[in-house]
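Undergrad: Can you read through this structure? Questions will come right after.
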Amino acid sequence: MAKPCRRTRYKEHRALGEVSNSYDVLVAGAGNAALCAAITARRAGARVLVLEVAPKEFRGGNSRHTRNIRYAHNAATDYVTGPYPVDEYWEDLLRVTGGKTNEKLARMVLEQSVYAVDWMQEQGVRFQPPLSGTLGLARTNAFFFGGGKAMMNSYFLTAEKLGIEVLYEAEVTDLNLDGSRFQSATVRHDGQERQISARTVVIAAGGFEANIDWLKEGWGERAENFLIRGTPYNKGRMLRVLLDAGAHPVSEADQCHAVPIDARSPQFDGGIATRVDCVIYSVVVNKNAERFYDEGEDIWPRRYAIWGRLVGQQPDQIAYAIIDSKTPGLFMPTIFPAIEADTIEELAEKLDLDPKVLSRTVDGFNRKVQPGTFDPTQPDGCHTKGLKPPKTNWARKIDQPPFFGYPLRPGITFTYLGVEIDEKARVLMGPEKKPADNIFAAGEVMAGNVLGQGYAGGLGMAIGVVFGRIAGEGAARRAVN
């Protein structure tokens, strides 16, 4: 049973000097996983300080851009349309990762995700009725009422009620370790630095997607053309410190959650709104006006995260989704309007593509489309025959003007290279993978344990909730006892 919280007045500190010298649990980061850890540790009786590198108005990391959580459940509820058993969840995970996952840790996420929505509601998070449409998530995912920012605001309100201390614009620049034991953190705030000690630390400070130089280690110069749809504050400082200190790495520098977003999006922080979801109904071509992958391979929530990588592998890291007048309304509205034209050749000119080549590509596609019954809500078997690459579902002729095009670039949400952990969320150190004495990790910094590659919509939130709670409980127990 959790211990009652010791009485501590909530403090949203404005200066580094207002922060105490010592805590039970120090949490680096302030997104979903971090707040789950902080709230759990506080409810277990620990005195908790949360350090957030972003200003208050941008608090919450990538979590403020989320919309839903994928979780296992046995029946329809007010928030989902039907059951989603753990076994089906596991099969979905295997499909998107190609088996590149730590089965023990992955199964922990899936099995404990059953309790995630109830726990989140206890913290004040509200959910909305199932969403209809082509995303195909109404049965598997519960959507936050008000989106990720409302979810994070609920967490922070709970943190306030519990007496969790928070300091914004506070960057943890280094960790003072004695071997694998954490002693204190070097914190920079408003031009000042000081050491803050704690009995335990939870690293939940995200990945390194906003660090273009680090992305280049995996992607080379192609990373210069990537857009970062997540927070600009995830530079990977804590991950680098842990790796330099001997934490055992997991996954690779070029593995990430990367989706196709509108090429007109800002370089950082565009969020969900920049995504373009018409790919499965379209013909997608590169700058040479040539197709390069099966657009209809699977439903969008299981395949949208591979398309960022696919676009990133094309010349100049750009592609174009081409649709006709039959398709608008079948996918989520886009923040930027489509580029429109009355002919394919005119559309090509507006997209700066070779009109003859694009016309030949679209005509060749149309000739290979086979008869079938189109169903936008599920794989329908409408396919091409004798075309390379094929289109295995949702293949319809692109022949009814006006025609529309969306320029696409890779939109990086978060990276998978991280630290390996055990089932207690303890960071594993050295080649022998010895659990650190008092260093825990949750969220994107350890997501590569579950996500060796690929992604399924809403899975990152499940990883954050499950291992955030595990890390918070373990840190509090280690500190308080």
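Residue numbers (my numbering): 3 to 483. Yeah, the Cβ is synthetic: ideal placement off N, Cα and C, and Gly gets one too. Keep in mind it's a predicted model, so treat the numbers as computed, not measured.
1. Any chance the stretch 200-208 sits against the stretch 464-480, with 3 or more Cβ pairs inside 8 Å?
2. What span of residues does the alpha helix (DSSP H) with T1 cover, start to end?
3. Who are the Cβ neighbours of K237 in its own chain at under 7 Å, not counting the five residues just before and after it?
4. Less than 8 Å separating the beta-carbons of P251 and V421?
5. Please state whether the Cβ-Cβ distance between G62 and K151 is less than 8 Å.
6. Return the CA-CA distance between E226 and T79, expressed in angstroms with no decimal places.
7. For the candidate residues A473, V286, P403 and G460, whose alpha-carbon lies nearest to that of A443?
8. May I ask which residues mark the beginning and end of the alpha helix (DSSP H) holding F270?
9. Under the assumption that I337 contacts T276 (Cβ atoms under 8 Å), give the Cβ distance between them as a whole number of angstroms.
10. Tell me whether the beta-carbon of G466 lies closer than 8 Å to the beta-carbon of N143.
11. Who does T188 pair with in a DSSP beta bridge?
12. Can you give the beta carbon distance from M154 to R66, rounded, assuming they're within the 8 Å contact cut?
13. Using a Cβ-Cβ cut-off of 8 Å (strictly less than) and excluding sequence neighbours within five positions of A17, which residues of its own chain qualify?
14. Under the rule that 16 or more other beta-carbon atoms within 10 Å means buried, what is S327, buried or exposed?
15. Does the distance from the CB of V371 to the CB of A397 come in under 8 Å?
16. Between which two residues does the alpha helix (DSSP H) holding P303 run?
17. In its own chain, which residues sit with a C-beta less than 6 Å from the C-beta of H15, not counting the 5 before and 5 after it?
18. Do you know offhand how far E162's Cα is from V29's?
19. Going by DSSP in three states, S24 sits in which element: helix, strand or coil?
20. If you draw a straight line from the alpha carbon of H385 to that of A291, how long is it in whole angstroms?
21. Helix, strand or coil, according to DSSP, for M122 in the structure here?
22. By how many angstroms is the C-alpha of D354 removed from the C-alpha of P433?
23. With a threshold of 7 Å on Cβ separation, who are the neighbours of V447 within its own chain once the five nearest residues in sequence on each side are excluded?
24. Tell me the start and end of each unbroken alpha helix (DSSP H) in the stretch 341-420 that is at least 4 residues and wholly inside, in chain order.
25. With C-beta atoms as the reference, is E297 less than 8 Å away from V286?
26. Can you name the start and end residues of the alpha helix (DSSP H) that C38 belongs to?
27. Compute the Euclidean distance between the alpha carbons of F145 and L139, then round it to the nearest angstrom.
28. Hey, is D377 close to the ligand GDP, as in C-beta under 7 Å from one of its heavy atoms?
29. Could you check what DSSP says for T512 in three-state terms: helix, strand or coil?
30. Which residue comes first and which comes last in the beta strand (DSSP E) that contains D256?
31. Check whether the stretch 243-260 and the stretch 173-180 touch, using three or more Cβ-Cβ pairs below 8 Å as the test.
32. If we count the other Cβ atoms within 10 Å of its Cβ and call it buried at 16 or more, is Q197 buried or exposed?
33. What are the start and end residues of the beta strand (DSSP E) that includes L245?
TA: Taking the geometry as given:
1. yes
2. Residue coverage of the chain in this structure runs from 3 to 483, which leaves residue 1 outside it and unanswerable.
3. F210, A212 and N213
4. yes
5. yes
6. 44 Å
7. A473
8. Premise fails: F270 is in no alpha helix (DSSP H) and is neither H nor E.
9. 6 Å
10. no
11. D176 and Q197
12. 5 Å
13. H191 and D192
14. exposed
15. yes
16. W302 to G314
17. V21 and L169
18. 15 Å
19. strand
20. 21 Å
21. helix
22. 51 Å
23. I205, A206, A207, G208, G209, M240, L241, G420 and V421
24. 346-352 and 357-370
25. yes
26. N34 to R45
27. 9 Å
28. Absent from the structure shown: the ligand GDP. Ligands present: none.
29. Any question about residue 512 goes unanswered here, given that the chain covers just 3 to 483.
30. Per DSSP, D256 belongs to no beta strand (DSSP E) and is neither H nor E.
31. yes
32. exposed
33. Premise fails: L245 lies in the alpha helix (DSSP H), R239 to D246, not in any beta strand (DSSP E).
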